[in-house]
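Novice: Each residue of the sequence shown is one higher than the one before, counting from 32 in my numbering.
Glycine is no exception: its CB is placed at the ideal position from the N, C-alpha and C atoms.
The structure under discussion is supplied below as structure tokens; questions concerning it will follow.
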Amino acid sequence: MNIEIERIIRTRKYLLGQIESLSTESLNKIPEGFNNNIIWNIGHLIAAQQGICYVRSGATMVVDEKYFLNYKPGTAPTEFVDESEVAQIKSLLITSLDSLEDDIHNNLFKNYPLWTTRYGVDIPSIDDALQFIMFHEGLHSGTIMALKRLV
32 MNIEIERIIR TRKYLLGQIE SLSTESLNKI PEGFNNNIIW NIGHLIAAQQ GICYVRSGAT
92 MVVDEKYFLN YKPGTAPTEF VDESEVAQIK SLLITSLDSL EDDIHNNLFK NYPLWTTRYG
152 VDIPSIDDAL QFIMFHEGLH SGTIMALKRL V
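And the structure:
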């Protein structure tokens, strides 16, 4: 297994464990001072990974487009995410990485184009993209932990 993907999976499984006992209502709650909620942040991890790896490289995403459009950067929660959709998002948190690993193994990203993040970091390859995803997931993990204390 790709070591970066393995680390991302471990982080995501930890996050799933942290939110396991929360109700659907708690996952959807937007505390005062925040513009999003826990389930949006979880969905955003999926959307960001799809955007960074697939969209940036011109490849077809492996998740339904709605998970990209509803959770991509610049979006915010607009409706209540019901229990079945929460379960789907939680599942995609891991299965999207299984697909990514297969696609990396099959050289889907061999012509990954250089781009610069909003943080000024140059990303010239899929390996660098995975490193950036780990950084990005750390940022949102902190947000999820802060939100968890408030719901």
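#1: Suppose you measure from the CA of Ser-127 to the CA of Asn-68; what does that come to, to the nearest Å?
#2: With DSSP collapsed to three states, give me the class of Thr-147.
#3: Would you report the Cα separation of Thr-148 and Ile-154, rounded to the nearest angstrom?
#4: Does DSSP put Ile-61 in a helix, in a strand, or in coil?
#5: Can you confirm whether the segment 60-76 touches the segment 90-107 when touching is taken to mean that 3 or more C-beta pairs between the two stretches lie within less than 8 Å?
#6: Taking the C-alpha atoms as reference points, what is the distance between Val-182 and Thr-55?
#7: Since Arg-38 is in the alpha helix (DSSP H), which residue starts that stretch and which ends it?
#8: Exposed or buried, Ile-120, counting other C-beta atoms within 10 Å across all chains shown (16 or more means buried)?
#9: Given a cut-off of 7 Å on the beta-carbon distance, is the pair Glu-51 and Leu-161 in contact?
#10: Rounding to the nearest angstrom, what Cα-Cα distance links Met-165 and Lys-97 in this structure?
Specialist: Reading it off the structure:
#1: One C-alpha to the other measures close to 21 Å.
#2: In the three-state reduction of the DSSP assignment, Thr-147 falls in the strand class, which pools E and B.
#3: Taking the straight line from one Cα to the other gives about 7 Å.
#4: Three-state DSSP puts Ile-61 in coil, outside helix and strand.
#5: These segments touch.
#6: Answer to the nearest angstrom: the Cα atoms are 11 Å apart.
#7: It spans 34-50 - the alpha helix (DSSP H) in which Arg-38 sits, taken as one unbroken run.
#8: Residue environment for Ile-120: buried (at least 16 other C-beta atoms within 10 angstroms of its C-beta).
#9: Going by C-beta atoms, Glu-51 is not nearer than 7 Å to Leu-161.
#10: Taking the straight line from one Cα to the other gives about 23 Å.
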